[in-house]
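Trainee: Sharing a structure, written as structure tokens. Questions coming.
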Amino acid sequence: MKPFPSLLGLASCWKDYSGYQKISIDFKSADVGRKIVSYLETLPSYDEWQLDQQRVEFIVSQDDHHVLLTAMDDFFHDIESVKSSRFSIPEPDVPTGLYLEEYDQYLTNDQLDEWFDWLAISFSDLDNGFVLRQEEIGRSYENRAMKGFSLRNPSKDLPWIVIDCGIHSREFISHATCRNLLINLAECAANDASCDTEFSNFYEFNWYIMPNLNPDGYEYNWTTDRMWRKNRTPTQGSICKGVDLNRNSDIAWSTVGASGEPCSNTYYGTGPFSEPEMAAWNTTIGSIHEQGKIEVYISFHAYAQKLLSSWAVDFSIIADEPPTLEELQAAGAAASQAMTEQHGETYLYGQSRDSLYPSSGTSKDYAMDVLEVPLSWTWELRDTGEYGFLLPSDQIMPVWDEVKAGLIEVAKYVLGK
Ligand SMILES: [Zn+2]
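Just so we're aligned: 9 in full-length UniProt numbering is position 9 of the sequence shown, and the numbers increase by one with no gaps anywhere.
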């Protein structure tokens, strides 16, 4: 039997989701969607999973579900359809045995740290002129070391691709994808002939990868609450903890699509880059920007199967289209097509504010606006709602096939510019 929190003496603090319902509502227009979501936000247990201009997906407790059913009469004419199902959280599947070299499993926070050290030691000597280095980019609020990996060729002046994972801690497929990216880049650089052709364009770039940007939140997912999205900073005067790290960057901070309420899942914090995790991200990406040109920034998230480019803020804040809109559209089209062709799972692409509701303080908008990264995205990985944040681990490798195919197209696009 696999270790389960109850066996580790954690039963009393494991958040219980029994009785919760998972609900998706399709609405007739974006305007009525806004009205419905404003109402849903008044339900204490409301946890939004996905929101676009046609649909909202969320979970709520049994009590709130009863309240919602009564209130639905008021929204009857605004709603296209409603689906609901019982929500339950499976037992945490803590990997055992040879997990360090198995890539189809979600590792715990400690196991990830162990793997990072293993990777840095195992690939300290590469054959293709590249150097892989692990460094501590900062400390989280709970004082966990945050790791960054650079894979660079010191003898050439190459452009950079910067990737981060796990900014939202419950999106486990993100961490797993960074892990697959790192091992494949490292193994190929260590001269494994089998991946040379496929990956050759990847070594026309230096890479910087931050594989676990929110370690406190990730740890909390494994020990206490599998649905935790934010970091774990306490807020003075509130019983709620945590800041949404993807609303904390210094770009239109505290404006649209973010909340000043500490209990909200999109709480923007007490100031731009107030959170140690995002301060570390900013210092790291800022110093890469000083060293060379960052051509691509991708933050891996889940879920939706969408490649969402800047801008995320709305037209009232940045009226102009992104300066590289055509590039974003062309590279996004090529990547989404290649990803879709892998396993028949459709990946869409487009500007964030056209596809979702606008949001502010996002890392991709900061990267585009302040660091002038021409191709700045969040890639929302699998799935489209069936499992949501609880994507089974047997989808990790197919998702990697898709991401790899997408990245190959992006690299080809940048080199062909
Ligand atoms: Zn996310």
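Here a beta-carbon is modelled for each residue, glycine too, at the ideal position from N, C-alpha and C.
In terms of alpha-carbon separation, which member of Pro-154, Leu-112, Asn-191 and Leu-371 lies closest to Leu-100?
Mentor: Leu-112
Trainee: Within 10 angstroms of its Cβ, does Asp-354 collect 16 or more other Cβ (buried), or is it exposed?
Mentor: exposed
Trainee: Could you check whether Asn-109 and Pro-215 sit closer than 8 Å to each other, using their CB atoms as the reference points?
Mentor: yes
Trainee: Okay, do the region 268 to 286 and the region 234 to 252 touch, 3+ Cβ pairs below 8 Å being the bar?
Mentor: yes
Trainee: Since Cys-165 sits in a beta bridge, which residues does DSSP pair it with?
Mentor: Answer by DSSP bridge pairing, in chain order: Phe-300.
Trainee: According to the Cβ coordinates, are Leu-308 and Gly-350 closer than 8 Å?
Mentor: yes
Trainee: In angstroms, rounded to a whole number, what distance separates the CA positions of Ile-408 and Lys-241?
Mentor: 39 Å
Trainee: So, helix, strand or coil for Thr-235, using DSSP?
Mentor: coil
Trainee: Buried or exposed: where does Trp-118 fall if 16 or more other Cβ atoms within 10 Å of its Cβ makes it buried?
Mentor: exposed
Trainee: Please classify Gly-260 as buried or exposed, where buried requires at least 16 neighbouring CB atoms within 10 angstroms.
Mentor: exposed
Trainee: Measure from the alpha carbon of Lys-147 to the alpha carbon of each residue in Phe-116, Leu-126 and Ser-169, then state which is nearest.
Mentor: Phe-116
Trainee: Tell whether a beta-carbon distance below 8 Å holds between Phe-87 and Gln-21.
Mentor: Contact flag set, yes.
Trainee: CB Trp-160 to CB Lys-293, shorter than 8 Å?
Mentor: yes
Trainee: Taking C-alpha atoms, which residue in Gln-105, Ala-405 and Phe-389 lies nearest to Gly-344?
Mentor: Ala-405
Trainee: Just the Cα atoms here: how many angstroms apart are Lys-15 and Leu-158?
Mentor: 47 Å
Trainee: What's the C-alpha gap between Arg-232 and Arg-139?
Mentor: 13 Å
Trainee: Given this structure, state the Cα-to-Cα distance separating Arg-229 from Ala-411, to the nearest angstrom.
Mentor: 30 Å
Trainee: Which same chain residues end up closer than 8 Å to His-175 when comparing Cβ atoms and leaving out the 5 residues on each side of it in sequence?
Mentor: Closer than 8 Å at Cβ, skipping near neighbours: Tyr-106, Leu-107, Leu-112, Cys-165, Gly-166, Pro-211, Asn-212 and Tyr-218.
Trainee: Could you tell me whether any non-hydrogen atom of ligand 1 is closer than 7 Å to the CB of Glu-275?
Mentor: Flag unset: Cβ of Glu-275 not near ligand 1.
Trainee: When every heavy atom of ligand 1 is checked, does at least one fall within less than 7 Å of the C-beta of Glu-171?
Mentor: yes
Trainee: Which of helix, strand or coil does DSSP assign to Gln-351?
Mentor: In the structure shown, Gln-351 sits in a strand (DSSP, three-state: E or B).
Trainee: Could you tell me the distance, in whole angstroms, from the CA atom of Tyr-203 to the CA atom of Asn-153?
Mentor: 8 Å
Trainee: Within a Cβ cutoff of 6 Å, which residues of the same chain sit near Cys-13, ignoring the five residues on either side of it in sequence?
Mentor: Cβ within range, chain order: Thr-224.
Trainee: Should Cys-188 be labelled buried (16 or more other beta-carbon atoms within 10 Å of its own) or exposed?
Mentor: By the neighbour-count rule (16 or more Cβ atoms within 10 Å), Cys-188 is buried.
Trainee: Can you tell me whether Phe-123 is buried or exposed, with buried defined as 16 or more other CB within 10 angstroms of its CB?
Mentor: buried
Trainee: Classify Asp-64: buried if its beta carbon has 16 or more other beta carbons within 10 angstroms, exposed otherwise.
Mentor: buried
Trainee: Assign Met-278 to one of three DSSP states: helix, strand, or coil.
Mentor: helix
Trainee: Throw me the rounded Cβ distance for the Thr-362 and Asn-246 pair, which I believe falls under 8 Å.
Mentor: Between Thr-362 and Asn-246, the beta carbon gap of about 5 Å places them in contact (Cβ cut-off 8 Å).
Trainee: Are three or more beta carbon pairs between the region 394 to 401 and the region 324 to 337 nearer than 8 Å?
Mentor: no
Trainee: Could you pull the start and end residues of the beta strand (DSSP E) that residue 446 belongs to?
Mentor: Here the chain has residues from 1 to 417 only, and residue 446 is not among them.
Trainee: Does DSSP put Lys-2 in a helix, in a strand, or in coil?
Mentor: In this prediction, Lys-2 has a pLDDT of 41, which is less than 50 and means its spatial position is unreliable; what the coordinates show is noted afterwards. DSSP places Lys-2 in coil when its eight states are reduced to three.
Trainee: I want to check one thing, is the minimum distance from the CB of Asn-214 to the heavy atoms of ligand 1 below 7 Å?
Mentor: In terms of side-chain proximity, the C-beta atom of Asn-214 is found no nearer than 7 Å to any non-hydrogen atom of ligand 1.
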